[in-house]
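Presented below is the structure to which this report refers.
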Amino acid sequence: MVCDISYALTMICPYCASDTKVTNSRPSHKFPEVWRRRQCKTCNNIWTTREYLDLSTTHRVINRDSKIEAFQRDKLLLSIKDSLSHRKNSLTEASALTDTVLSRILTQKTAQISFTLICAQTYDVLMRFDKTAAAVYIAIHGENEE
Ligand SMILES: [Zn+2]
Numbered sequence: 148m149v150c151d152i153s154y155a156l157t158m159i160c161p162y163c164a165s166d167t168k169v170t171n172s173r174p175s176h177k178f179p180e181v182w183r184r185r186q187c188k189t190c191n192n193i194w195t196t197r198e199y200l201d202l203s204t205t206h207r208v209i210n211r212d213s214k215i216e217a218f219q220r221d222k223l224l225l226s227i228k229d230s231l232s233h234r235k236n237s238l239t240e241a242s243a244l245t246d247t248v249l250s251r252i253l254t255q256k257t258a259q260i261s262f263t264l265i266c267a268q269t270y271d272v273l274m275r276f277d278k279t280a281a282a283v284y285i286a287i288h289g290e291n292e293e
């Protein structure tokens, strides 16, 4: 029996709740993510979905107090966004920068990451983007603040 993968990927239409089909798909080269263009079989509307690695199900963070917790992308995103508050498009920029930090974390090839390493990677990414943001970030999250 042949497995019908299109059925497994079914997602309902956000406009009319009918069945949909995938009309285009491509992987990201930077981060484990698949972009899909979908179309409703009934109303023909078109939109985009993204399937991405949820690091909260794979990665753990070892905090400075040695407590271990599930990795939370939102926490990283907010810490980056806070350091970009002097910029106009801080949320959009923070989201892209978060993905850059995540791709660096994945290159560590370990599912247990120290908070110190996340800080160092985030600081480095911010330094290349906006030195003021990097300074703000390290003032809030740097070792000396503990
Ligand atoms: Zn529809």
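In the working numbering, the protein residues as written are 148 to 293. Cβ atoms here follow ideal geometry from the backbone N, Cα and C, with glycine treated the same way.
- Message: Is it buried or exposed, A164, if we count other Cβ atoms within 10 angstroms and call 16 or more buried?
- Response: exposed
- Item | Residue range of the unbroken alpha helix (DSSP H) whose run includes C294 | Examination of residue 294 is not possible in this model, given that the chain is present from 148 through 293 alone.
- Message: Is T170 near ligand 1 - that is, is its Cβ less than 7 Å away from at least one heavy atom of it?
- Response: no
- Query: Who are S172's beta bridge partners in DSSP?
  - Reply: R183
- Would L244 pass as a contact of L273 if the rule is Cβ separation under 8 Å? yes
- For ligand 1, which residues count as neighbours when the test is a C-beta closer than 6 Å to any heavy atom? My final list is C160, Y162, C163, S165, C187, T189, C190 and N192.
- Secondary structure at T254, three-state DSSP: helix, strand or coil? coil
- Query: Based on Cα-Cα distance, which residue from S175, R185 and H176 lies nearest to Y162?
  - Reply: R185
- Beta-bridge pairing of R207 - partner residues as DSSP gives them: DSSP, once it has assigned bridges, lists A217 and Q259 as partnering R207.
- Item | Beta-carbon contacts of K188 that lie in its chain and below 7 Å, excluding the five residues immediately before and after | Excluding the 5 residues flanking it on each side, K188 has same chain C-beta neighbours closer than 7 Å at S165, D166, T167 and K168, in chain order.
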